[in-house]
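Peer 1: Chains A and B are the protein sequences, given in the same order. Numbering-wise (the working numbering), the first sequence opens with residue 1 and increments by one. Numbering-wise (the working numbering), the second sequence opens with residue 425 and increments by one. Ideal Cβ positions, reconstructed from N, Cα and C, are used throughout, including at glycine. None of these values were measured; they are calculated from a predicted model.
There are 2 protein chains.
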Amino acid sequence: MRQSQIFTKTAKNYPEGEEAKNAKLLIKGGFINKSSAGVYSFLPLGLRVLNKINNIIREEINELGAEELLMPALVHKKYWEQADRWGVDVIYRTGGKENSAGVMRREDFEYGLGWTHEEVISAIAKNFINSYKDLPKSVYQIQTKFRAESRVQGGLLRGKEFLMKDLYSFHANKEDLDSYYQKVISAYKKIFKRLGFEALVTEASGGAFTKEFTHEFQVLNPAGEDTIYYCDKCGFSQNKEIFNAASHKNCSGEIKSGRAIEVGNVFKLGTKFSDAFNLFYLNKDGVKLPVIMGSYGIGSTRVMGAIVEQYNDEKGILWPENTAPFQVHLLEISGRNQDKIGKIGTKIYNNLQKSGIEVLYDERNISAGEKFADADLIGIPYRAVISEKTGNKIEIKKRGEKKIKLVNEKEIVKLLKQNQQPRQ
Amino acid sequence: MRQSQIFTKTAKNYPEGEEAKNAKLLIKGGFINKSSAGVYSFLPLGLRVLNKINNIIREEINELGAEELLMPALVHKKYWEQADRWGVDVIYRTGGKENSAGVMRREDFEYGLGWTHEEVISAIAKNFINSYKDLPKSVYQIQTKFRAESRVQGGLLRGKEFLMKDLYSFHANKEDLDSYYQKVISAYKKIFKRLGFEALVTEASGGAFTKEFTHEFQVLNPAGEDTIYYCDKCGFSQNKEIFNAASHKNCSGEIKSGRAIEVGNVFKLGTKFSDAFNLFYLNKDGVKLPVIMGSYGIGSTRVMGAIVEQYNDEKGILWPENTAPFQVHLLEISGRNQDKIGKIGTKIYNNLQKSGIEVLYDERNISAGEKFADADLIGIPYRAVISEKTGNKIEIKKRGEKKIKLVNEKEIVKLLKQNQQPRQ
């Protein structure tokens with residue numbers, strides 16, 4: 001893509017009134033736009049990143065055998081009431097009729113915007129699950145969620161509107177849920193590794209749903225809202241709410257604590273929703289039993305914010321290769337020789353594109369300094385420069401490193417193709 | 425995909441309380457689920473169709489040079505007020521605080537759910553458009569829209585929540601807008617052709633925005649809400665609101681009228697939103713001028729409903745090949761020879777998949793009659809049957825035709841590969 005043609009420009013300054021590093025860098029770089037507190041648009045550069053994140057998640061969840069679907073945001077009050085969640089704080093209520101005095105009371109609203117979809121999926125599953133032969137099943141969506149948050153200082157880490165992958169599984173018995181739960185944990189480990197994180201599988205409370213622990217995937221980062229206690233040696237990790245030093249046994253490692261960003265969670269729901277929605281199945285003996293459910297989330301817009309919090313320096317973002325908006329940023333520094341350098345640049349740009357490499361081509365008529373600053377801010381993993389000095393060669397440099405290498409056209413294609421990481 | 429493994433099942437009966445043919449067939453077939461009036465989930469089969477529709481739209485809009493982005497559903501009241509649209513009937517209001525008496529008045533709400541995004545995109549564009557050098561630009565999204573409709577009897581033709589492609593363009597002058605507007609009309613013609621429609625480019629009123637006509641893309645169908653007047657001979661078409669027989673000149677063709685489904689529209693906005701949002705640019709002489717805008721919509725979930733209204737018979741749906749959930753429905757009728765036929769079926773299924781053909785493989789242990797009925801209902805373009813009778817051959821039949829052909833494995837791959845229609 002030619003940089004002179006793209007919709008966005010980088011900003012000269014950081015946005016006012018934005019405290020989170022992820023939002024500051026992403027807004028300055030033209031990845032996102034803040035519409036109002038906790039509500040963002042994903043501009044073309046940002047949507048490229050978001051789609052890459054979503055596709056990594058999608059590939060690994062498909063691999064689990066789950067099928068993708070898409071549920072609505074307008075969730076009718078009747079669903080929330082059936083599971084006794086119409087009164088939760090984070091729900092946005094809408095629809096319904098004003099009364100004769102022109103006012104709305106809580107009971108007058110018709111919908112709560114979906115902040116999670118256990119209710120809707122349970123009602124849907126009832127149409128398709130009747131027998132043990134219909135189990136197990138799992139479905140997921142990558143869909144917009146809404147939560148009426150009062151604290152929204154985290155940029156993409158905590159929004160009022162955000163994108164989430166939510167997976168739901170249905171089982172005939174506890175053993176089958178337990179085994180699937182472990183499979184999801186393995187899939188999540190692959191996902192977070194591909195996304196560039198070392199995520200700690202952290203024990204957390206099961207709340208009202210289960211006496212067992214649930215598990216959060218936590219990324220150590222000072223921008224995180226959570227505090228976790230963990231051991232580098234054995235992988236032990238618990239969140240602050242349930243931490244009990246006595247449960248760290250048989251390991252000589254030291255317990256440390258740190259702030260962390262929760263990028264995913266897995267949850268055994270048991271029969272809470274199947275009971276509420278009469279989601280039963282008949283076993284081999286014809287006995288009617290409640291379906292056992294699990295629910296598993298990854299916030300993909302939050303992941304985008306977390307990547308920026310993990311990978312940045314004083315000049316800008318350092319995208320990991322799997323989630324970068326482009327693989328290489330080609331900078332044409334033409335000086336007085338605009339026609340000649342422009343021709344070489346166009347040739348290299350076309351050649352890279354033909355080789356299946358995603359290139360952002362900065363052919364704008366601005367100073368070298370501005371181009372270098374933009375490249376550092378936008379944070380594409382490789383910067384390739386052509387200028388009067390480079391002749392027939394290309395200067396290639398990794399973002400965040402100082403070492404510059406002179407390569408020819410064949411070599412740059414080879415180098416970048418090597419870095420296209422296939423799914424493992 | 426193996427039919428025994430998919431999340432959904434077809435239903436025995438049509439859903440109760442659903443009048444629209446598209447919703448009746450799509451629910452019975454397991455494509456969609458009705459969550460509440462005018463609100464649907466897209467189940468795995470339905471999402472496959474919807475993604476195909478979206479990708480056809482996306483390819484042609486990308487071809488226009490527009491960049492994809494994603495705007496939020498929570499649109500703050502300040503945006504709607506700035507363009508004087510906070511009071512419109514179809515807006516869902518949410519957020520904000522109940523007053524001390526526990527009630528909400530219209531002015532207490534904080535957001536209106538996005539039913540269109542002229543306001544938000546104008547505010548975003550202001551960050552990136554300052555000079556004539558920044559023009560023209562165009563951006564689009566494929567995003568969920570919300571409209572508080574009172575009439576929702578049309579199934580996917582009129583929902584309270586639906587998916588829409590909305591494209592916005594920005595120009596330095598009227599001539600540039602006019603020329604882009606024609607390009608969008610050409611792109612829309614390609615899109616609707618690929619989607620299986622003969623859409624009539626129909627003149628409609630510009631309302632408060634422009635004295636010129638706007639254009640609707642209308643598909644003649646009795647399920648449509650609109651009435652249009654059109655001429656088969658010269659392509660003249662006007663909607664009922666503006667029809668004037670006197671404007672049908674220089675053509676001997678006869679004017680007919682009919683019900684039609686509006687699947688898309690194109691609209692010259694002029695400076696309505698750039699004035700409201702102070703979206704100005706400096707021309708070559710340094711004069712400050714308002715940006716001229718256009719807005720162009722296609723409702724992709726409505727398109728899905730319209731396809732079903734256009735292509736169905738008493739047995740079910742007849743998906744056009746470009747939007748079918750799968751290319752071929754492979755039915756294994758195993759009778760007493762379950763092992764032998766099962767082995768042949770699995771071999772053919774694997775072979776078709778390896779050849780890049782999308783197959784739904786019905787290997788369920790149910791009667792041949794049920795399988796044939798499901799195949800007709802689901803409406804995949806080709807049905808391939810293997811049974812004790814077919815030996816080493818496969819019986820292939822087009823949905824909606826009676827002619828059955830016996831082919832071997834090589835021939836079926838060749839036939840189906842021929843039918844994979846590339847973009848033209």
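Have a look at B:L693 and B:V687 and give me their C-alpha separation to the nearest angstrom.
Peer 2: The residue given as residue 693 of chain B occupies position 269 in the second sequence. The residue given as residue 687 of chain B occupies position 263 in the second sequence. So the two alpha carbons sit approximately 19 Å from each other.
Peer 1: In the structure shown, what three-state DSSP assignment does B:L488 receive?
Peer 2: On the second sequence, position 64 is the one that residue 488 of chain B refers to. Here B:L488 sits in coil by DSSP.
Peer 1: Just to make sure I have the definition right: I need the residues of chain A whose C-beta is within less than 9 Å of the C-beta of B:G526. Which are they?
Peer 2: As a position in the second sequence, residue 526 of chain B is number 102, starting the count at 1. The contacting residues are R105 and R106.
Peer 1: Does the pairing of the stretch 724-742 of chain B with the stretch 781-788 of chain B give three or more beta-carbon distances under 8 Å?
Peer 2: no
Peer 1: Looking at chain A, is there any beta carbon in it that lies within less than 7 Å of the beta carbon of B:L591?
Peer 2: Position 167 of the second sequence holds residue 591 of chain B. No - not a single Cβ of chain A is within 7 Å of the one on B:L591.
Peer 1: If you check the beta carbons only, do B:L650 and B:N668 fall under 7 Å apart?
Peer 2: Working through the second sequence from its first residue, we reach residue 650 of chain B at position 226. Working through the second sequence from its first residue, we reach residue 668 of chain B at position 244. Here residue 650 of chain B turns out to be Asp, not Leu, going by the sequence shown. No; because the gap between Cβ atoms is not below 7 Å, this pair is not in contact.
Peer 1: Flag A:P325 as yes if its beta-carbon sits less than 7 Å from any beta-carbon of chain B, otherwise no.
Peer 2: Counting from 1 along the first sequence, the entry for residue 325 of chain A is found at position 325. Chain B, which has no Cβ nearer than 7 Å to the Cβ of A:P325, makes this no.
Peer 1: Might you give, ordered along the chain, the residues of its own chain that have their beta carbon closer than 6 Å to the beta carbon of A:R151, omitting 5 neighbours on each side?
Peer 2: Position 151 of the first sequence, counted from the start, is the residue given in the question as residue 151 of chain A. Once the five neighbours on either side are set aside, A:R151 has no close Cβ partner at all.
Peer 1: With C-beta atoms as the reference, is A:G95 less than 7 Å away from A:Y111?
Peer 2: Here residue 95 of chain A corresponds to residue number 95 of the first sequence, with the count starting at 1. Here residue 111 of chain A corresponds to residue number 111 of the first sequence, with the count starting at 1. In this structure, A:G95 sits near A:Y111, with a CB-CB distance shorter than 7 Å.
Peer 1: Which residue wins for smallest C-alpha separation from B:L467, given the options B:L494, B:K607 and B:K433?
Peer 2: Within the second sequence, the letter at position 43 stands for residue 467 of chain B. Nearest option by C-alpha distance: B:K433.
Peer 1: Could you tell me which residues DSSP puts in a beta bridge with B:L742?
Peer 2: As a first step, residue 742 of chain B must be located in the second sequence, where it is residue number 318. Beta-bridge partners assigned by DSSP to B:L742: none are found.
Peer 1: State the beta-bridge partners of A:R93 as determined by DSSP.
Peer 2: For this step, residue 93 of chain A is matched to residue 93 along the first sequence. Looking at the DSSP assignment, A:R93 forms a beta bridge with A:G112.
Peer 1: Is it true that the CB of B:L488 sits closer than 7 Å to the CB of B:A596?
Peer 2: Position 172 of the second sequence, counting from 1, holds the residue named residue 596 of chain B. Position 64 of the second sequence, counting from 1, holds the residue named residue 488 of chain B. Not a contact, by the Cβ cut-off of 7 Å.
Peer 1: Tell me which residue opens and which closes the beta strand (DSSP E) that B:S610 is part of.
Peer 2: Against the second sequence, residue 610 of chain B aligns to sequence position 186. Run containing B:S610: none in the beta strand (DSSP E); it sits in the alpha helix (DSSP H), K598 to R618.
Peer 1: Spell out a yes or no on whether the stretch 697-705 of chain B and the stretch 673-685 of chain B are touching, meaning 3 or more CB-CB pairs, one atom from each, closer than 8 Å.
Peer 2: Verdict: no, contact absent.
Peer 1: Please confirm if the stretch 328-338 of chain A is in contact with the stretch 173-182 of chain A, defined as three or more CB-CB distances below 8 Å between the two stretches.
Peer 2: no
Peer 1: Run through DSSP, which three-state label would A:Q3 get?
Peer 2: Locating residue 3 of chain A in the first sequence gives position 3, where the first residue counts as 1. If DSSP states are grouped into helix, strand and coil, A:Q3 belongs with coil.
Peer 1: Kindly give me the distance between the Cβ atoms of B:Y564 and B:V690, rounded to whole angstroms, as I take these residues to be in contact under 8 Å.
Peer 2: Within the second sequence, numbered from 1, the residue matching residue 564 of chain B stands at position 140. Within the second sequence, numbered from 1, the residue matching residue 690 of chain B stands at position 266. At roughly 13 Å, the Cβ-Cβ gap does not stay under 8 Å, so B:Y564 and B:V690 are not in contact.
Peer 1: Have a look at B:C675 and B:G620 and give me their C-alpha separation to the nearest angstrom.
Peer 2: Within the second sequence, the letter at position 251 stands for residue 675 of chain B. Within the second sequence, the letter at position 196 stands for residue 620 of chain B. Each residue's alpha carbon lies about 28 Å from the other.
Peer 1: Taking just the CA atoms, how far does A:I91 sit from A:V39?
Peer 2: Walking along the first sequence from the start, residue 39 of chain A turns up at place 39. Walking along the first sequence from the start, residue 91 of chain A turns up at place 91. Cα atoms of A:V39 and A:I91: separation of roughly 16 Å, rounded to the nearest angstrom.
Peer 1: Can you tell me which of the three DSSP states B:E825 falls into?
Peer 2: Translated into positions along the second sequence, residue 825 of chain B becomes position 401. Coil.
Peer 1: Whose CA, out of B:G630, B:Q427 and B:K458, lies closest to the CA of B:E442?
Peer 2: Indexing the second sequence from 1 puts residue 442 of chain B at position 18. Considering only alpha carbons, the answer is B:K458.
Peer 1: Can you tell me whether A:I124 is buried or exposed? The criterion is at least 16 other CB atoms within 10 Å of its CB, across all chains shown.
Peer 2: Here residue 124 of chain A corresponds to residue number 124 of the first sequence, with the count starting at 1. Around the beta carbon of A:I124, 16 or more other beta carbons sit within 10 angstroms, so the residue counts as buried.
Peer 1: Of the residues A:Q418, A:E309, A:G155 and A:K272, which one's Cα is nearest the Cα of A:R85?
Peer 2: Position 85 of the first sequence, counted from the first residue, corresponds to residue 85 of chain A. That would be A:K272, whose Cα lies nearest to the Cα of A:R85.
Peer 1: To the nearest angstrom, how far is the alpha carbon of B:K841 from that of A:Y229?
Peer 2: One-based indexing of the second sequence puts residue 841 of chain B at position 417. One-based indexing of the first sequence puts residue 229 of chain A at position 229. Rounded to the nearest angstrom, the two C-alpha atoms are 56 Å apart.
Peer 1: Please list, in chain order, the chain E residues whose beta carbon lies closer than 7 Å to that of A:G95.
Peer 2: Considering every chain present, this structure includes no chain E. Its protein chains are A and B.
Peer 1: Should the stretch 444-456 of chain B be called in touch with the stretch 52-64 of chain A, which here means at least 3 C-beta pairs below 8 Å?
Peer 2: Segments in contact, no.
Peer 1: Say whether chain B places a C-beta atom closer than 7 Å to the C-beta of A:L135.
Peer 2: Numbered from 1 along the first sequence, position 135 holds the residue referred to as residue 135 of chain A. It does not; no Cβ of chain B falls within 7 Å.
Peer 1: Going along the chain, which residues of the stretch 445-466 of chain B sit with their C-beta nearer than 8 Å to a C-beta in chain A?
Peer 2: G454, N457, S459, S460, V463, Y464, S465 and F466
Peer 1: Pull the bridge partners of A:I426 from the DSSP assignment, please.
Peer 2: The structure shown has nothing for residue 426 of chain A, since chain A only spans 1 to 424.
Peer 1: Under a three-way DSSP split, which group does A:K21 fall into?
Peer 2: Residue 21 of chain A sits at position 21 when you count from the first residue of the first sequence. The DSSP-derived three-state label of A:K21 is helix.
Peer 1: Put A:V49 into one of helix, strand or coil per three-state DSSP.
Peer 2: Sequence index remark: in the first sequence, residue 49 of chain A carries index 49 (1-based). Helix.
Peer 1: With distances taken Cα to Cα, identify the nearest neighbour of B:Y556 among B:K712, B:K584 and B:T747.
Peer 2: Here the question's residue 556 of chain B lines up with position 132 in the second sequence. Looking at the Cα atoms, B:K712 is the closest of the given residues.
Peer 1: Can you tell me whether DSSP reads B:Y556 as helix, strand or coil?
Peer 2: Reading the second sequence from its first residue, position 132 is the one you call residue 556 of chain B. B:Y556: helix per DSSP, three-state reduction.
Peer 1: For B:F431, return the contacting residues in chain A, with the cut-off set at a CB-CB distance below 7 Å.
Peer 2: For the purposes of this step, residue 431 of chain B is taken as residue 7 along the second sequence, with counting starting at 1. Near B:F431 (Cβ distances below 7 Å), the residues of chain A are E67, F128, K137 and V139.
Peer 1: What residues from the stretch 360-390 of chain A come within 9 Å of chain B, judged by C-beta to C-beta, listed N to C?
Peer 2: none
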